[in-house]
Amino acid sequence: MAYSEKVLSHYETPRNVGSLDKESKTVGTGIVGAPECGDVMKLQIQVDEATGKITDAKFKTFGCGSAIASSSLATEWVKGRTIDEALAIKNTEIVQELSLPPVKIHCSVLAEDAIKSAIHDYQEKNGLDHDH
Amino acid sequence: MALKLPIYMDNNATTPMDPRVLEAMLPYFTEKFGNSASRNHQFGWEAEDGVKLARKQVGELIGADPKEIIWTSGSTESNNLAIKGVADMYKDKGRHIITAVHEHKATLDPCKRLAKMGYDITWLEPGADGLITAKQVAEAIRVDTILVTIMWANNELGTINELPEIGKVCKEKGVLLHTDATQAVGKIPVDVNDAGVDLLSASAHKMYGPKGAGFLYVRRRKPRVRLTPIIDGGGHERGMRSGTLNVTGIVGLGKACELCRLEMAEETARLSKMRDRMDQAILSQLEHAVINGDPKRRLPHTTNISFPYVEGESMMMAIKEVAVSSGSACTSASLEPSYVLKALGLGDEIAHSSIRFGLGRFTTDEEVDYTIDKVVTAVKKLLELSPLYEMVLEGIDITTIEWGAH
């Protein structure tokens, strides 16, 4: 299978690899997927409480090249956005940006889930409302 | 000499043709183009001579009489002919067949079809070492068992099942034994009489011969095995496989067998040394890496290694200059990891991360060095990226986590 240039770029030099302190109140952690499916993504966000903006994001992914690229892209996109703006990111935008083939769409779905899961965790920790 | 990329490390999938095989084949494309079934002229006789030599060359490699060789298009056809042919011919005697869950699809699928037709199939499960034992076979044989079909060596793991012991059990109980020896013939000593094998499948392209040529060994004495053919029309090959013979392919197959027989001892020594060096280098530099299947009872040129917490397809991407095969899910449309690795009872995080390295006649030490280096670098990089590895370092047992479905 041939990978798009953007997938290769994210795979070869993944952006924002690493971990944030998951115990911190200002950090939200999302872990989605399952080893049996061959994909596990961990995505973390650091939120500025004053502005409600995501100031940093990190990821680690067990999965194929497309899964790594999708999560790498997701961390790039959430940085600088507000919670609501980040929640608006759709997997179809990831598919489009990375030119993912149909068999790799689940990678983008997982990346969207990872963003939502990280935000959910942040909101839970801080007793904030969430409606999803 | 500069290393030429990409490097081919997938010799269990197919092998390049040996130039000596090609050379033997060439005249049969042009001047010796006759139909070996043409009995009345020089062209037919020349083709027949080529086929006759090939029968002898194949027979010598596996200890068979030349008359016991039935030409086919390859092992998939041979397996189909053996399994379905025996099932139909002996159906009045019984309808029970024994095989194993981690056989090649070319064995599994014919058995599944027979199951739909009312045959009873016993699916043996290998131990953690990947092996099917003679004891398992003996315990599964019933009065209505007509066939045992167990591969000689496994294509994903390279593990070698308990032959000749399985053959001995089948002989004692009077049950026919078919073995898919596609990975074994030409690589390790195979003798149909020593092993008590009644039917044996092999392909030319796995032993430096051409694609589209293979054979089924069918025992003629003690017992004389009969088969219902799949392809009718002209009664070629003792009526078991009609159709004009693929003379060029057969000539190539014969030559490939001859070369394997003459060079096996030397080649085995060279390849197993290289393979063991690769195993040791990788295992010593990557503490979590494990060899899948029994490391002793293995083909000399094959190793299947899992890199836990690293996913197979991303691994292949990282070593893209090295052509290998992965048991990972993502290489197929399904999300299931290799059924062979699952059959060994491996955890998902291990089954998803296996790579099969298949060395071959043309593999060099430089290529092995390059592969070791690439693999070690890639795994180290991917471990940095792996959330599973991070959890393990934190002391979390990932098998206890309840993972969500997606």
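Going line by line, the protein sequences match chains U and Z. Start counting the first sequence at 0; every next residue gets the next number (numbering that gives the first Met the number 0). Start counting the second sequence at 0; every next residue gets the next number (numbering that gives the first Met the number 0). Glycine is no exception: its CB is placed at the ideal position from the N, C-alpha and C atoms.
Nearest-angstrom Cα separation, counted from residue j out to residue i
| i | j | result |
| --- | --- | --- |
| U:G84 | U:W76 | In the sequence on display, residue 84 of chain U carries Glu and not Gly. When rounded, the distance between both Cα atoms is 10 Å. |
| U:H105 | Z:L298 | 37 Å |
| Z:G166 | Z:K31 | 40 Å |
| U:C36 | Z:V309 | 13 Å |
| Z:K254 | U:T74 | 58 Å |
| Z:P163 | Z:R296 | 13 Å |
| Z:R218 | Z:G126 | 30 Å |
| Z:T330 | U:S107 | Unreliable positioning characterises Z:T330 in this predicted model, as indicated by a pLDDT of 47, which lies under 50. The coordinate reading is nonetheless provided below. C-alpha separation (whole angstroms): 17 Å. |
| U:V94 | U:Q45 | 25 Å |
| Z:T399 | U:V31 | 15 Å |
| Z:A12 | Z:K205 | 7 Å |
| Z:E161 | Z:I97 | 15 Å |
| Z:A328 | Z:E76 | Reliability fails at Z:A328, whose pLDDT of 49 lies under 50, so the model's placement of it is uncertain and no value is given. |
| U:S65 | Z:F214 | 41 Å |
| Z:E59 | Z:V367 | 32 Å |
| Z:D364 | Z:L4 | 14 Å |
| Z:G73 | Z:D193 | 24 Å |
| U:V16 | Z:E320 | 24 Å |
| Z:R269 | U:K89 | 54 Å |
| U:A68 | Z:G292 | 33 Å |
| Z:E406 | Z:K111 | The first residue shown for chain Z is 0 and the last is 405, placing residue 406 of chain Z beyond what the model contains. |
| Z:H95 | Z:Y89 | 10 Å |
| Z:Q284 | Z:G232 | 58 Å |
| U:A113 | Z:W402 | 13 Å |
| Z:P209 | Z:A203 | 6 Å |
| U:I53 | U:P101 | 30 Å |
| Z:I249 | Z:F28 | 12 Å |
| U:D20 | Z:R276 | 42 Å |
| Z:I397 | Z:H287 | 15 Å |
| Z:R19 | Z:E138 | 46 Å |
Top-ranked residue by Cα proximity to residue i, from the options
| i | options | result |
| --- | --- | --- |
| Z:V323 | Z:E155, Z:I69, Z:G232 | Z:E155 |
| Z:M8 | Z:T370, Z:I395, Z:W402 | Z:T370 |
| Z:C256 | Z:L52, Z:F28, Z:I397 | Z:L52 |
| Z:K221 | Z:T158, Z:D231, Z:E171, Z:R260 | Z:E171 |
| Z:V339 | Z:R269, Z:A280, Z:L123 | Z:L123 |
| U:H9 | U:K59, U:S23, U:P34 | U:K59 |
| U:Y2 | Z:M316, Z:P109, Z:P26, Z:V367 | Z:M316 |
| U:A56 | U:G27, U:T91, U:E96 | U:G27 |
| U:G29 | U:G17, U:L42, U:E22 | U:L42 |
| U:L86 | U:Y121, U:K21, U:V39 | U:Y121 |
| Z:E486 | Z:G195, Z:V246, Z:K90, Z:L80 | With chain Z covering 0 to 405 only, the question about residue 486 of chain Z has no answer from this structure. |
| Z:N79 | Z:L113, Z:K380, Z:A152, Z:S271 | Z:L113 |
| U:K103 | Z:S313, Z:S337, Z:C259, Z:I281 | Z:S313 |
| Z:K83 | Z:A152, Z:T376, Z:I230 | Z:I230 |
| U:G62 | Z:E393, Z:G311, Z:G394 | Z:G311 |
| Z:R260 | Z:K55, Z:A23, Z:A212 | Z:K55 |
| Z:A99 | Z:E138, Z:T71, Z:G251, Z:V147 | Z:V147 |
| Z:I140 | Z:N10, Z:G173, Z:I318, Z:A152 | Z:G173 |
| Z:Q135 | Z:C169, Z:A152, Z:P294, Z:S271 | Z:C169 |
| U:V6 | U:L109, U:S116, U:L97, U:R80 | U:L97 |
| U:D38 | Z:I395, Z:K379, Z:E348, Z:G242 | Z:E348 |
Residue j beta carbon less than 8 Å from that of residue i
| i | j | result |
| --- | --- | --- |
| Z:I61 | Z:D190 | yes |
| U:P13 | Z:L384 | yes |
| U:G51 | U:I82 | yes |
| Z:K186 | Z:H300 | yes |
| Z:D17 | Z:Y216 | no |
| Z:H101 | U:P34 | no |
| Z:L175 | Z:I145 | yes |
| Z:S37 | Z:V50 | no |
| Z:M239 | Z:L252 | no |
| Z:V184 | Z:A212 | no |
| U:S71 | U:M40 | no |
| Z:I318 | Z:A280 | no |
Cβ of residue i within 8 Å of any chain C Cβ
| i | result |
| --- | --- |
| U:P100 | No chain C is present in this structure, whose protein chains are U and Z. |
Practice problem: Below 9 Å between beta carbons is the criterion; list the residues of the region 45-74 of chain U that meet it against any residue of chain Z, in chain order. | Solution: F58, K59, T60, F61, G62, C63, G64, S65, A66, I67
Quiz item: Using 8 Å as the Cβ pair cut-off and three pairs as the minimum, do the region 299-316 of chain Z and the region 352-361 of chain Z touch?
Solution: yes
Exercise. For the region 113-120 of chain Z and the region 63-71 of chain Z, state whether three or more C-beta atom pairs, one from each stretch, are separated by less than 8 Å.
Key: Output reads no: the region 63-71 of chain Z does not touch the region 113-120 of chain Z.
Quiz item: Relative to chain Z, which residues along the region 12-31 of chain U have a C-beta separation below 7 Å, given in chain order?
Solution: P13, V16, S18, I30, V31
Practice problem: Answer yes if the region 374-390 of chain Z comes into contact with the region 339-347 of chain Z, meaning at least three C-beta pairs across the two stretches below 8 Å, and no otherwise. | Solution: no
Quiz item: Quick one: any contact between the region 179-188 of chain Z and the region 102-110 of chain Z, if contact means 3 or more CB pairs under 8 Å?
Solution: yes
Quiz item: Is the number of C-beta pairs between the region 261-277 of chain Z and the region 127-139 of chain Z that are closer than 8 Å three or more?
Solution: no
Quiz item: Got a sec: which bits of the region 350-367 of chain Z sit with their beta carbon under 7 Å from any beta carbon on chain U, in order along the chain?
Solution: In summary, the residues of the region 350-367 of chain Z whose CB is separated from some CB of chain U by less than 7 Å are H351, in the order they occur in the chain.
Self-check item: Residues of the region 62-74 of chain Z whose Cβ lies closer than 8 Å to any Cβ of chain U, in chain order
Solution: none
Quiz item: According to a CB-to-CB cut-off of less than 8 Å, which residues of the region 389-400 of chain Z neighbour chain U?
Solution: E389, I397
Self-check item: Members of the region 291-311 of chain Z that neighbour chain U once the beta carbon cut-off is set at 8 Å
Solution: Y308, V309, E310, G311
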